[in-house]
Structures are given as structure tokens and as C-alpha cells.
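Take a look at the structure set out below.
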Amino acid sequence: MDNRQNIIMETYRKDGIRFVWADKFFHSAFYIAAVTLIGIVGFALSYELYAIYAVAASLMISWVFCRDLSPSFLAMAIISMIPLARYGQGDYFASMYYVVIFLVLAYIIRLFVHTPPKIRLGRFFIPTLAVAVAITLGGLLYDGLAGAFEMPAIYYVVALGFGMLLVNVILETNIPLDHPNGAVFFAKMAVGVGVMGIAMVIANYYKYFPLLNAPNIGAFTSKFQFGNNLSNLLLITMPLTFYLSTRIKKGGFIYFTLGVLQYFALVFSLSRGGIVFGTLVFPLVAGAAIVIAKKNRLQYILILVILLIGAVILTRELLAPIYLRLGDMLKVSGNEARVKLYQLAYQNFLEQPIFGKGLGYIGGRYYFPKPFCIYWYHSTVFQIIGSLGLVGVAAYIIQAIYRAAALIKAKTKFNLFVLFIIIGFGGYSLVNVGYFVPLPCMAILVHIFILVDRNNRLVKASAADAKKENLPRSNYIDIVK
19 MDNRQNIIME TYRKDGIRFV WADKFFHSAF YIAAVTLIGI VGFALSYELY AIYAVAASLM
79 ISWVFCRDLS PSFLAMAIIS MIPLARYGQG DYFASMYYVV IFLVLAYIIR LFVHTPPKIR
139 LGRFFIPTLA VAVAITLGGL LYDGLAGAFE MPAIYYVVAL GFGMLLVNVI LETNIPLDHP
199 NGAVFFAKMA VGVGVMGIAM VIANYYKYFP LLNAPNIGAF TSKFQFGNNL SNLLLITMPL
259 TFYLSTRIKK GGFIYFTLGV LQYFALVFSL SRGGIVFGTL VFPLVAGAAI VIAKKNRLQY
319 ILILVILLIG AVILTRELLA PIYLRLGDML KVSGNEARVK LYQLAYQNFL EQPIFGKGLG
379 YIGGRYYFPK PFCIYWYHST VFQIIGSLGL VGVAAYIIQA IYRAAALIKA KTKFNLFVLF
439 IIIGFGGYSL VNVGYFVPLP CMAILVHIFI LVDRNNRLVK ASAADAKKEN LPRSNYIDIV
499 K
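In this text, residue positions in the sequence shown follow my numbering: the first is 19, and each later residue adds one.
Listed below in C-alpha cells is the structure:
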């Protein structure tokens, strides 16, 4: 057991934890690999329900026995990815409601098993509360407000609003304040999510490769309806994978390679927004990793060049129809539904400028929601103004200010690569609604910024200790941690 785990164990003993084996297991590489593999097998072989049950079981066990809630991120993200191939097949997952019941019971049991921790609101309580209020008040003055009290609108109102505030408090309370290298452990779990994303794209190409030669390539691209959802997750996990390539001394090239492969998965997922914003952020994360890597720079450059050349050859030789049609796929017509939705959102904002028309707005034009979806304007900006009005604009600006302040508070590697997440994911949200997907996207961002704050405190505390002991800072702590 390394020093990091020893400190974790000691922290838990102070909190009255009794299950050291659980803490060790759920912070291990084996746990990350096992959950990721279950997700990949379930998706690739169409055993989605069995895979979800297995991952949910691991989640319940971790909630009952593990003091730290950080490992929950991996299980929750993998569960959200497993069903993506069954786009629009909500009935297939009807039994998932029972899983939710068991998860709630597991968390209730947790409250009796562990010594109750001191409730912490955290640095981001105020901006999360502001967003919760805006989400809840959305559509307040609109005649169609009754729609907010019907499913699925009520789910999004609760989950994005005070539900996310509850998630913030639960994570703040149940992630140890002095969790050493918590950012690194979280990034390793993010690698698991990224690896599953890579596997999902490969599995789909393997399954539907014959359709590439069909007269209409639309038959092939229709099998990638999950591309937008997958791209949101990869834009979050890819920068964290490159972050690890700068933190791991031995084997960093593995993480660099996986980061490049996640970019390829973004492109081959055939999501227009994923391709555009993945290509925007990829040079930033790969370039930063190469610059920071120092001794590994040449190695990383060679890996990048070899993989890029390989991807070009593969695309031109085996995926020629995609290669030839990629330009057409990326075109945005001024007459397409997405543009009309933006105009509709602006019109709704003019009609209801204070609170918008709410998340219960039905619309009825240009877009027909799939099962368990609200009326998406297909842009976070237009979703805010159309659904939440000026109150929503103010709330999200407050949240952005708090998060930006946290990122510039300490000059660390983790903060730098989280900034790249915001550039990629936030940029994509300009033409998508990632910021209105409570699970997993918003819960992941809440978790990440809690870790940013924790990491900032550890860095500042270490710097203060170095000054007190009159030690050179470089000898005491790596400031670009």
C-alpha cells in the first residue's frame, strides 16, 4: 500500500470507518478496470441490462462500505454510457426503476453504517443554489407552466435544480478534505470512461462496417445516434487523460496514447459538434502535455505523429465513404431545424424575458422530443434564455464566475486541464445542451470543481508550510501539480 492509501486509511479511521478493505479496493486500479470492462462487454454484446445491474451492484457496495464517495463517479458514468446504442428504446430499460430503488436503499443503509460526517456546504454552494432557484422558477409567468409538473420536465427541474444542490452537498460532505492526490485518482477513473468511449466507437464500426458500402451512407451514420452524448463525456475525460500523462512518471506514454485515441473516438463518433470542438481542444491538451512532459517530449511527439498518420491512412483506405463525406456532414444549413430552434428560443425570451418559458415548455415546432427528453433548443445559451430568462442568465453567470475564480486561484496542472474541459465541453454546449444533462454531465462537473477547490487548498497549505520552514518551494511541492 502506497503512502497515498496509508493517508486515506488514516483519514477514514478518524471518521470512524470500519471497512478498510473497501477503501483499498474502491481506490484500486482493479476496480477501475473491472467496471470499465463490464461496461464495454455489456455495450458490445448488447447485454446492457446485465451490465447495468453489475455496475449498479458495485455502486451499492461502495456506498455502503466505502467512506469516500469519489469512486461513485466511475460507476455512474459507465451506467450512463451502457444504454446509448438503444437510442429511443426507453421501454427496454423499464426495469431500471427497480435499480434506482435499491440504490436509494443502499444510500440509506450507508447513513447508519458510517459515523455521520459534518455537513459541509462548500465553496460552490451559492452558485449552485443560484442555478437551482433559476431552474425551479423557470416559466413562472408563462401560461404553460403546468407542463413543468409532468414527466419528464419535473425530472429535469428537480435534478438540475435542488437535486444538483443536494449532489454538491453530499459530495462536499463525503469526500475527505485531505484526500491526497484525489485529482489523480479521479483522472484515472476518467480514463476508464474514455477507454469505454473508444471501445464503443470501435464496436459500432465492427458491427456496421458492411453498411459503409451501402448506396446511402445514412444507413451507417444512423447507427451513431449516441455520438452527441458520447462526445460530451469524451470532451470531459480526454483532457484528464492528458493530465495524467504529465503526472505519471513511468508509463505516462500510455495515458498520452489513450488521450489521442479519445480524440479519434470523438471524430469517428460522427458528431458534428464533437468533431469541431474536439479538434479545437485537442491541440491545446496534447500541446500542453508535450510542453509539460519535459523528458518525455520527444516520445510524445513521436506517438502523436505515428497515430495521426495511422488515422489518416485508416480513414482513406478503409473508411473512404466517411472521408469523402466528412465535409458535407459538418455543413450547417441556415434552414435546418437547429437554426430555427435558436430563433424560437429568442422569440420565447422576448415573450417571457424574466423567467423564460420553463423546462416544461412543449414547443411543438421544429423538434419532437424523444422519450424522457424535454424540448431541447440544442444550445445551452438558447436553452437558458428561452427556458429561464434573465434570472437564468444571471444564475449561470454567477456560477461561471465562481468556477473561473477557482481555476485561477492556484497555478496547477489540474486546473489547467480542467480549463481545457470547459473550453471543449463548454464550447460544444453552444450547439448542444450538455449543461442541461444532470446525469452524468452536470454531476461530473460538480465533482470536478469540488476537486479543484480541494486541490487548491492542498497546494496553498503546502506552500504555506514550505514558507514556515524556510524551504525552497520547489523542494517541498510541485506547484504545477
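We put the beta carbon where it would ideally sit given N, CA and C, even for glycine.
None of the values given here were measured: they were computed from a predicted structure.
Q. So what's residue 405 in DSSP terms, helix, strand or just coil?
A. If you number the sequence shown from 1, residue 405 lands on position 387. It is helical.
Q. Does DSSP put residue 377 in a helix, a strand or coil?
A. Translated into the one-based positions of the sequence shown, residue 377 becomes position 359. Of the three classes helix, strand and coil, the one that applies to residue 377 here is coil, per DSSP.
Q.
With a threshold of 8 Å, are at least 3 pairs of Cβ atoms found where one atom belongs to the region 198 to 212 and the other to the region 251 to 271?
A. yes
Q. Whose CA, out of 395, 136, 319, lies closest to the CA of residue 366?
A. The residue given as residue 366 occupies position 348 in the sequence shown. Minimum Cα distance to residue 366 is reached at 395.
Q: Let me know the alpha helix (DSSP H) ranges lying completely inside the region 33 to 70, each 4 residues or longer, listed in chain order.
A: 38 to 44, 47 to 62
(Q) As an exercise, report each continuous alpha helix (DSSP H) stretch of at least 4 residues that is fully enclosed by the region 191 to 267, in chain order. (A) 200 to 226, 236 to 239, 245 to 265
Q: Kindly provide the ranges of any alpha helix (DSSP H) runs that are 4 or more residues long and lie completely inside the region 69 to 100, ordered along the chain.
A: 90 to 99
Q: Over the uninterrupted alpha helix (DSSP H) stretch that includes residue 576, give me the two end residues.
A: Nothing can be reported for residue 576, as the shown portion of the chain is limited to 19 through 499.
Q: For residue 64, count neighbouring Cβ atoms within 10 angstroms of its own Cβ and tell me buried if that reaches 16, exposed if not.
A: Sequence index remark: in the sequence shown, residue 64 carries index 46 (1-based). Classification for residue 64: exposed.
Q. What is the DSSP secondary structure of residue 392, counted as helix, strand or coil?
A. As a first step, residue 392 must be located in the sequence shown, where it is residue number 374. Coil, per DSSP.
**Q.** Whole-angstrom distance between residue 466 and residue 411, CA atom to CA atom
**A.** What you label residue 411 is simply residue 393 of the sequence shown in a count that begins at 1. What you label residue 466 is simply residue 448 of the sequence shown in a count that begins at 1. Rounded to whole angstroms, residue 411 to residue 466 spans 22 Å at the Cα level.
Q) Once you ignore the five residues that flank residue 32 on each side, which residues in its own chain have a CB closer than 6 Å to its CB? A) Here residue 32 is taken as the residue at index 14 of the sequence shown, counted from 1. Note that residue 32 has pLDDT 47, beneath the 50 cutoff, so the model's placement of it is unreliable and no number is given.
Q) What do you get for residue 212, buried or exposed, if any count of 16 or more other CB atoms within 10 angstroms of its CB means buried? A) Residue 212 sits at position 194 when you count from the first residue of the sequence shown. Buried.
Q. DSSP three-state call for residue 383: helix, strand or coil?
A. By one-based count along the sequence shown, residue 383 stands at place 365. In the structure shown, residue 383 sits in coil (DSSP, three-state: anything other than H, G, I, E or B).
Q. In three-state terms, what does DSSP make of residue 450?
A. To locate residue 450, count along the sequence shown from 1; it is residue 432. Coil.
Q. Does DSSP put residue 315 in a helix, in a strand, or in coil?
A. Locating residue 315 in the sequence shown gives position 297, where the first residue counts as 1. Here residue 315 sits in helix by DSSP.
Q.
Does residue 369 come out as helix, strand or coil in the three-state DSSP assignment?
A. To locate residue 369, count along the sequence shown from 1; it is residue 351. Here residue 369 sits in helix by DSSP.
Q: With DSSP as the reference, label residue 428 as helix, strand or coil.
A: The residue you call residue 428 lines up with position 410 of the sequence shown. Looking at residue 428 - three-state DSSP - the assignment turns out to be coil, as it is neither helix nor strand.
Q) If we ignore side chains and look at the alpha-carbon of each, how far apart do residue 115 and residue 72 end up? A) In the sequence shown, counting from the first residue as 1, residue 115 sits at position 97. In the sequence shown, counting from the first residue as 1, residue 72 sits at position 54. Roughly 15 Å between the two C-alpha positions.
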